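Okay, structure first, notes after.
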Amino acid sequence: MKASYLKPFLLAFVVVLADQLIKIWVRNNMYMGQEIHFLGDRGMLLYTENNGMAFGWELGGVAGKLALTLFRIFAVGGIGYGLYYLIKHKHHRGLILCVALIFAGALGNIIDSTFYGMIYGYAPIFQGRVVDMFYFPLIRGHYPTWVPSVGGDPFIFFQPIFNLADSAISVGVILILIFQNKYFKKEEEVPSSPHSEVVEE
């Protein structure tokens, strides 16, 4: 494999491997709902599983779950082809690595939703649940009483529970948004003139 292809796909492989090792460890060493605190009450492992998308969002029902899993499979195929295209056409290295992160994150969660139900014996193929574990409730408080509908109710920031694959997708997307002018910068065409090039007979 050429060096230009090796680095992004190696990055994707490392992310997927780390994601799966963490998920397998959590599933084999923690019970559902168990917490292991490493930043006091503001950072912990909290073992949960979800049927849906990143950060616990869901598309309901068996049919919805199947549609979501199949969509993920087609999406990761498209992202993988996009990564190959970017490398082949020598796009910005930063963009390539960001797409590699997105590809790895999508692939990591596809493994769960496609195979975990069958491997662990709780659901057929394509009906597995995604393992989540990182939880950072950084700020806890209550909404001001004057806020309509939720006034006085408790709130938590940051509430979603996620995994390494979710983080890889988020980091890749955020970096592309931040550096889009750099990643998608078009080279300015230099107008031709008799003095700028050699005219061949």
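Numbering-wise (numbering that gives the first Met the number 0), the sequence shown opens with residue 0 and increments by one. Think of the CB as a built atom: it goes at the ideal place given N, C-alpha and C, for glycine as much as any other residue. These numbers were taken from a predicted model, which means no experiment stands behind them.
If you draw a straight line from the C-alpha of residue i to the C-alpha of residue j, how long is it?
i, j, result
"isoleucine 138", "arginine 26", "28 Å"
"glycine 55", "lysine 1", "Low local confidence applies: a pLDDT of 49 at glycine 55 is under 50, so the model's placement there is unreliable, and no value is given."
"phenylalanine 161", "alanine 74", "20 Å"
"leucine 202", "aspartate 165", "The structure shown does not extend to residue 202, since the chain is modelled only from 0 through 200, so no value can be given for it."
"glycine 150", "proline 143", "5 Å"
"proline 110", "tryptophan 24", "Note that residue 110 is isoleucine in the sequence shown here, rather than proline. Distance between the alpha carbons of isoleucine 110 and tryptophan 24 is about 15 Å."
"valine 13", "isoleucine 155", "32 Å"
"glutamine 19", "glycine 107", "7 Å"
"serine 169", "cysteine 97", "10 Å"
For residue i, name the three-state secondary structure that DSSP assigns.
i, result
"methionine 117", "helix"
"valine 170", "helix"
"asparagine 27", "helix"
"aspartate 152", "coil"
"isoleucine 21", "helix"
For the beta strand (DSSP E) that residue i lies in, which residues bound it at each end?
i, result
"glycine 140", "138-141"
"valine 130", "129-134"
"leucine 44", "43-49"
How would you label residue i, buried or exposed, when you count the other beta carbons within 10 angstroms and need 16 or more for buried?
i, result
"lysine 184", "exposed"
"threonine 68", "buried"
"methionine 132", "buried"
"alanine 66", "exposed"
"asparagine 50", "buried"
"asparagine 28", "exposed"
Determine the extent of the alpha helix (DSSP H) in which residue i is found, giving its start and end residues.
i, result
"isoleucine 35", "Isoleucine 35 -> not in any alpha helix (DSSP H); beta strand (DSSP E) instead, spanning 34-36."
"isoleucine 110", "92-110"
"asparagine 180", "179-182"
Pull the bridge partners of residue i from the DSSP assignment, please.
i, result
"phenylalanine 161", "Phe133"
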